[in-house]
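Student: Numbering (the numbering used here), first residue to last: 643 to 794.
1. Reducing DSSP to helix, strand and coil, say where residue 771 ends up.
2. Locate the alpha helix (DSSP H) running through residue 791, then write down its first and last residues.
3. Where residue 759 and residue 715 are concerned, what is the direct C-alpha to C-alpha distance, given to the nearest angstrom?
4. For residue 667, which residues of its own chain have a beta-carbon under 7 Å away from its beta-carbon, when the five flanking residues on both sides are left out?
5. Output the distance between the C-alpha atoms of residue 740 and residue 749, rounded to the nearest integer angstrom.
6. Pull up the CB-CB distance for residue 784 and residue 689, whole angstroms please, since I reckon it's below 8 Å.
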């Protein structure tokens with residue numbers, strides 16, 4: 643069944659394949675265009691450098707009018723990422739717009755890794771360390787990066 647959401651997701655997937663942004667990849671799961679697996683690679687020259695972080699994106703039939711539910715599967719230590727992997731990011735909530743596609747969502751999340759919003763903490767320990775002890779914060783991020791190499 644081809645609905646507006648499914649057509650849009652096919653277009654998003656085609657665009658992502660033809661012009662993939664640096665450091666991200668994503669594709670629908672087999673036989674389910676509404677559920678995607680994605681990977682964000684840690685940006686170069688940041689504490690996240692070298693990390694490989696897996697996510698899922700769950701779309702509903704009201705996409706693109708409503709954002710997908712995006713969650714990290716990989717373990718994360720970040721001020722704006724909850725323990726369950728869900729992400730506190732304005733474009734996934736109150737600042738959502740139908741102009742955002744999958745590539746824009748993933749690149750926004752990649753940018754958030756390096757540029758957290760300490761005013762909207764989802765992980766209070768990470769937010770505190772980011773603000774008060776950057777060296778310890780970066781050390782914990784490097785641990786997460788190393789764990790990402792061995793996680794399945």
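Yeah, the Cβ is synthetic: ideal placement off N, Cα and C, and Gly gets one too.
Tutor: On the basis of the data shown:
1. helix
2. 776-792
3. 21 Å
4. 680 and 681
5. 16 Å
6. 6 Å
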